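Protein chains in written order, with my numbering: chain Y, -14 to 319; chain G, -14 to 319.
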């Protein structure tokens, strides 16, 4: 079982994932070379269902049995989980500055498509909509579990973005704690709301839609922008136009529209940046803080074309070498 | 000139480095391939002094002229600076949630050795001591400049750590702002001091030296440990045993001792992890907050053997796949 550790030096939790731990010696040769990823060995390809833990949710053809082929989107527990549902959220003091906790939570893989070679830019739009409907489904299910405080949905696309398996998949981790970064964003937004009586994100979106300088694309209910002070080159954010603090509150129709917006955006990024590796992250309020007046969920997409180096790790200040307005124009035209 | 941008959404500053900016199109092929780095073209090799801006500080042989060969350690302004000394720290409101500021500051390169093929693990210890004496020198000089609020000294070693030039060098950036990450650490340490009347780092070091579980090595005045809740596998920290909040307060003798400790540690990491790419960062109190009772400077070394993926970017919570106690034992034995 893995372990969550907390240090009073910075008030942050870290996952020490001993379940996926290699021995320290194994790192000698582990310089980021992804393992061979042939279809014969791929645990996510149809016919290989027995190579994964049993599915927890599935969209599959009528009449096909669980854990056999015939699925369209399949959700399974991660075989090398960062967190597992055993244990509880009880803190164990190590001394007066350190605490530890069971590596308690959930870690699921959403296999997006039976076809090893598809991805969110090449799938039929109906398939992308199904992927997003499963995001919504699992997000709601894990958020409803009172043992988990925050649910993080993310996708690592390509070795530069931290994945070693090329079969299209996303992941979702439910944690028994609220990350400091999220709490900071919530505190900032709540302070703004207390002062101005408004959601700072709704206000920001109004300004962005006025100036249009950083606007990438818009649909009826979503707006895609480059952030004014983005950490990474071409870091892009998708916001719902209506006020909502939790991703799980999205309706099935809105979720279908979101799938279309995301596919459009990913195709633009692919064209503009020559098929970059990228991460997608859904940023939502904590699981049991629903309908907040002051917070606004969003999705971030970070193409991995720049690298955090010593300055960024040492200061937390990022150097972005592409002006967000130029990036927005470039993506609009792509 | 580059630009500093601030967003009220997260209260963080970002450097938009238009001086090093490529056009967005250039990123199409910029997938992290380092440029060719032959000695003939290396701007840091002796005889090529005219390829860099004029030196701002130098340890050189008697009788040799500035900006010619004959130097041992050479400090020059970065040719592609993130920040430059033109401008001022005046904030320009863009609207009620965004601000910008001149990309105002200093960005220097410390060329550590005339020999293209040396590094901190292969240099003679006298040479490493000279490098650290120059760290001290430039740190004190830039910290004394009232226009700069924080000074970040760092080293990117290898392409995986964000450098494209292999000639051994470090960098130092002076900023007109205090990074949020540093202010958070200061706030946490000050709260502890207010409550317990003690430096939380001194207290932590006392505990670590008692249990020895995460101890890597010790000298008379320094202690090297794996952090209890470290973000990255084999992330290692060097602390002075005496209480001091600012790196610049180090004496020349202590600085020589530190050079020896750092070389020992880097040799251990090289052996243990098969010559990994790594970053070094000096974390010190803000330039004009000297002699703080509650803060403690330190140096962090992060071997780049793990990668921040979507979960880390989306939550700020890191997954570390090597137990710090196991990493410490492995380094002690290396």
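Where is the CB? At the ideal position from N, CA and C, for every residue including glycine. From a predicted model like this one, the values you see are computed outputs, not experimental measurements.
Near residue i, which residues of its chain fall below 6 Å by C-beta distance, leaving aside the five closest residues on each side in sequence?
{"i": "residue 146 of chain G", "result": "262, 263, 264 and 289"}
{"i": "residue 343 of chain Y", "result": "Since the first residue of chain Y shown is -14 and the last is 319, residue 343 of chain Y is not available in this structure."}
{"i": "residue 59 of chain G", "result": "40, 43 and 96"}
{"i": "residue 92 of chain G", "result": "63, 66, 67, 68 and 158"}
{"i": "residue 86 of chain G", "result": "-11 and 76"}
{"i": "residue -9 of chain G", "result": "-2 and 84"}
{"i": "residue 217 of chain G", "result": "287 and 291"}
{"i": "residue 198 of chain Y", "result": "310"}
{"i": "residue 224 of chain Y", "result": "190, 208 and 283"}
{"i": "residue 14 of chain G", "result": "With a pLDDT of 43 at residue 14 of chain G, under the threshold of 50, the predicted position of this residue should be treated as unreliable, though the coordinate-derived value follows. No residues qualify anywhere along the chain."}
{"i": "residue 175 of chain Y", "result": "279"}
At the level of alpha carbons, what is the spacing between residue i and residue j?
{"i": "residue 18 of chain Y", "j": "residue 89 of chain G", "result": "Unreliable placement is indicated for residue 18 of chain Y, whose pLDDT of 44 sits below 50; no coordinate value is reported for it."}
{"i": "residue 16 of chain G", "j": "residue 143 of chain Y", "result": "With a pLDDT of only 40 at residue 16 of chain G, under 50, the local geometry of the prediction cannot be trusted, and the value read off the model is given with reservation. Computed Cα separation, rounded: 12 Å."}
{"i": "residue 309 of chain Y", "j": "residue 214 of chain Y", "result": "8 Å"}
{"i": "residue 284 of chain G", "j": "residue 221 of chain G", "result": "8 Å"}
{"i": "residue 55 of chain Y", "j": "residue 36 of chain Y", "result": "16 Å"}
{"i": "residue 115 of chain G", "j": "residue 123 of chain G", "result": "12 Å"}
{"i": "residue 129 of chain Y", "j": "residue 163 of chain Y", "result": "15 Å"}
{"i": "residue 34 of chain Y", "j": "residue 260 of chain G", "result": "39 Å"}
{"i": "residue 118 of chain G", "j": "residue 237 of chain G", "result": "7 Å"}
{"i": "residue 105 of chain Y", "j": "residue 250 of chain G", "result": "45 Å"}
{"i": "residue 219 of chain Y", "j": "residue 152 of chain Y", "result": "25 Å"}
{"i": "residue 166 of chain Y", "j": "residue 48 of chain Y", "result": "45 Å"}
{"i": "residue 315 of chain G", "j": "residue 270 of chain G", "result": "31 Å"}
{"i": "residue 25 of chain Y", "j": "residue 52 of chain Y", "result": "18 Å"}
{"i": "residue 141 of chain G", "j": "residue 70 of chain Y", "result": "39 Å"}
{"i": "residue 206 of chain G", "j": "residue 78 of chain G", "result": "47 Å"}
{"i": "residue 73 of chain G", "j": "residue 302 of chain Y", "result": "19 Å"}
{"i": "residue 80 of chain Y", "j": "residue 228 of chain G", "result": "21 Å"}
{"i": "residue 226 of chain Y", "j": "residue 32 of chain Y", "result": "42 Å"}
{"i": "residue 276 of chain Y", "j": "residue 102 of chain G", "result": "59 Å"}
{"i": "residue 266 of chain G", "j": "residue 297 of chain Y", "result": "10 Å"}
{"i": "residue 110 of chain Y", "j": "residue 248 of chain Y", "result": "8 Å"}
{"i": "residue 182 of chain Y", "j": "residue 196 of chain Y", "result": "23 Å"}
{"i": "residue 50 of chain Y", "j": "residue 125 of chain Y", "result": "25 Å"}
Is the beta carbon of residue i less than 9 Å from the beta carbon of residue j?
{"i": "residue 133 of chain Y", "j": "residue 108 of chain Y", "result": "no"}
{"i": "residue 155 of chain G", "j": "residue 138 of chain G", "result": "yes"}
{"i": "residue 274 of chain G", "j": "residue 184 of chain G", "result": "no"}
{"i": "residue 112 of chain G", "j": "residue 45 of chain G", "result": "no"}
{"i": "residue -4 of chain G", "j": "residue 173 of chain Y", "result": "yes"}
{"i": "residue 169 of chain Y", "j": "residue 230 of chain Y", "result": "no"}
{"i": "residue 253 of chain G", "j": "residue 202 of chain G", "result": "yes"}
{"i": "residue 120 of chain Y", "j": "residue 27 of chain Y", "result": "no"}
{"i": "residue 149 of chain G", "j": "residue 272 of chain G", "result": "no"}
{"i": "residue 299 of chain Y", "j": "residue 234 of chain G", "result": "no"}
{"i": "residue 187 of chain Y", "j": "residue 99 of chain Y", "result": "no"}
{"i": "residue 257 of chain G", "j": "residue 311 of chain G", "result": "no"}
{"i": "residue 305 of chain Y", "j": "residue 0 of chain G", "result": "yes"}
{"i": "residue 293 of chain G", "j": "residue 293 of chain Y", "result": "yes"}
Residues in the same chain with beta-carbon distance under 8 Å from residue i, minus the five sequence neighbours each way, listed in chain order, please.
{"i": "residue -6 of chain G", "result": "82"}
{"i": "residue 204 of chain G", "result": "242, 245 and 246"}
{"i": "residue 200 of chain Y", "result": "193, 194, 208, 209, 210, 313 and 317"}
{"i": "residue 295 of chain Y", "result": "none"}
{"i": "residue 178 of chain G", "result": "184, 185, 278 and 279"}
{"i": "residue -14 of chain Y", "result": "3, 4, 69, 71, 72, 87 and 88"}
In terms of DSSP beta bridges, what is residue i paired with?
{"i": "residue 139 of chain Y", "result": "Y/156 and Y/266"}
{"i": "residue 95 of chain G", "result": "G/60 and G/155"}
{"i": "residue 363 of chain Y", "result": "Since the first and last residues shown for chain Y are -14 and 319, residue 363 of chain Y lies out of range."}
{"i": "residue 221 of chain Y", "result": "Y/211 and Y/286"}
{"i": "residue 305 of chain Y", "result": "G/1"}
{"i": "residue 45 of chain G", "result": "G/56"}
{"i": "residue 77 of chain G", "result": "G/85"}
{"i": "residue 298 of chain Y", "result": "Note: residue 298 of chain Y sits in no beta bridge, so no partner."}
{"i": "residue 277 of chain Y", "result": "For residue 277 of chain Y, which the question treats as bridged, DSSP gives no partner whatsoever."}
{"i": "residue 200 of chain Y", "result": "Y/210"}
Flag residue i as yes if its beta-carbon sits less than 9 Å from any beta-carbon of chain A, otherwise no.
{"i": "residue 50 of chain Y", "result": "Checking the listed chains, one finds no chain A in this structure; the protein chains it contains are Y and G."}
Closer than 8 Å to a non-hydrogen atom of the ligand COA - does that hold for the CB of residue i?
{"i": "residue 133 of chain Y", "result": "Here there are no bound small molecules, and the ligand COA is not part of this structure."}
In its own chain, which residues sit with a C-beta less than 7 Å from the C-beta of residue i, not counting the 5 before and 5 after it?
{"i": "residue 38 of chain Y", "result": "61, 62 and 64"}
Query raised in the report: Taking only runs of the beta strand (DSSP E) that begin and end inside the region 48 to 74 of chain G, which ones reach a length of at least 3 residues, in chain order?
Result: DSSP runs (the beta strand (DSSP E)) wholly in the region 48 to 74 of chain G: 56 to 62.
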